[in-house]
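Notes follow once the structure below has been shown.
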Amino acid sequence: MPKPKSIAGTRIRAEVIRLVGLIPAGKFTTYGSLAVHMNVAALHVASVMSRLTPEESQRLPWHRVLSADARISPNMEASLAATQRQRLEGEGMRVDAQGYLQDSDAHFHVVGLRRNIRWSDPASGG
Numbered sequence: 047m048p049k050p051k052s053i054a055g056t057r058i059r060a061e062v063i064r065l066v067g068l069i070p071a072g073k074f075t076t077y078g079s080l081a082v083h084m085n086v087a088a089l090h091v092a093s094v095m096s097r098l099t100p101e102e103s104q105r106l107p108w109h110r111v112l113s114a115d116a117r118i119s120p121n122m123e124a125s126l127a128a129t130q131r132q133r134l135e136g137e138g139m140r141v142d143a144q145g146y147l148q149d150s151d152a153h154f155h156v157v158g159l160r161r162n163i164r165w166s167d168p169a170s171g172g
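Under my numbering, the first residue of the sequence shown is numbered 47, with each subsequent residue one higher.
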């Protein structure tokens, strides 16, 4: 995968990867929660997640990131969605036939408060 061309893109990508790596087993968060915490759009998070390298996909718990309604993305390739479902269920979470996580409040991982970051400014400590 080519590296992002901007400083901001590079920093956002690194932070998404870092935060996803911190989601504990048996918990999930949403693209939007990550985005709010990072002070970016959810589309930025989704873009990073959809472009993980094979190595990143192997080591990151990407399956713990769901849509805002605690659902496996209906836009995801079917084989990836099946893998995500299998991994979530393997961690004790129940997913219904439509891909919605059951008892989602009990499994939600709070990423943190919104951070006031200017991603293009290296001094902002993203």
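Just so it is clear, CB atoms sit at the ideal spot from N, CA and C, and this is done for glycine as well. Everything numeric in this text was worked out from a predicted model, so none of it was measured.
Do you know offhand how far residue i's Cα is from residue j's?
| i | j | result |
| --- | --- | --- |
| leucine 65 | leucine 80 | 8 Å |
| glutamine 104 | isoleucine 58 | 20 Å |
Is the distance from the Cβ of residue i to the Cβ of residue j below 8 Å?
| i | j | result |
| --- | --- | --- |
| alanine 88 | tyrosine 77 | yes |
Among the residues of its own chain, which have a CB less than 6 Å from the CB of residue i, if the five just before and after it don't count?
| i | result |
| --- | --- |
| glutamate 137 | Ala71 and Gly72 |
| glutamine 130 | His109 and Ile118 |
If you drop the 5 nearest sequence neighbours on each side, which residues of the same chain put their C-beta closer than 7 Å to that of residue i?
| i | result |
| --- | --- |
| arginine 161 | His83, Met84 and Asn85 |
| isoleucine 69 | Thr75, Pro107, Arg110 and His155 |
Note down, in chain order, each residue of its chain lying with its Cβ closer than 8 Å to the Cβ of residue i, except the 5 sequence neighbours on either side.
| i | result |
| --- | --- |
| arginine 140 | Leu147, Gln148 and Asp149 |
| glutamate 135 | Val141 |
| aspartate 115 | Tyr146 |
Residue i bridges to which residues according to DSSP?
| i | result |
| --- | --- |
| threonine 75 | Val111 |
(request) Can you check the stretch 78-119 for any alpha helix (DSSP H) of at least 4 residues that lies completely inside it and give the ranges in chain order? (result) 88-96 and 100-105
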